[in-house]
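Below is one structure; the comments refer to it alone.
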Amino acid sequence: MQFKATMMDAAGVLRAITRITHEILEHNKGAESLAIVGIHTRGIPLANRIAERISQLEGVIVPTGK
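Quick note: the sequence shown uses my numbering, first residue 8, plus one each step.
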């Protein structure tokens, strides 16, 4: 039997969020003029976690929306 996907553990999710955060910061050359928008249903918690991680790394509060 082949599996289509595997679940990430908490450490895997944090690594993925950190990687996404770094890519966002690289593509936007920092957190200036940056806002994160999440799409209902699962996108809002993800947007909040990414914004929180950016805040931890850059020391800037990033506005979020839905």
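Glycine is no exception: its CB is placed at the ideal position from the N, C-alpha and C atoms. Since the model is a prediction, treat every value here as computed from it, not as a measurement.
C-alpha gap between residue i and residue j, whole angstroms
| i | j | result |
| --- | --- | --- |
| I51 | N35 | 20 Å |
| R49 | P70 | 18 Å |
| I68 | F10 | 40 Å |
| G45 | I31 | 14 Å |
| S40 | V20 | 26 Å |
| E59 | A23 | 14 Å |
| M14 | G66 | 31 Å |
| L64 | K73 | 23 Å |
| D16 | I57 | 17 Å |
Which residues DSSP lists as bridging residue i, in chain order
| i | result |
| --- | --- |
| T71 | I43 |
Under 7 Å between C-beta atoms of residue i and residue j
| i | j | result |
| --- | --- | --- |
| I43 | A54 | yes |
Neighbour-count burial assignment, residue i, 16 or more Cβ in a 10 Å radius
| i | result |
| --- | --- |
| T28 | buried |
| A38 | buried |
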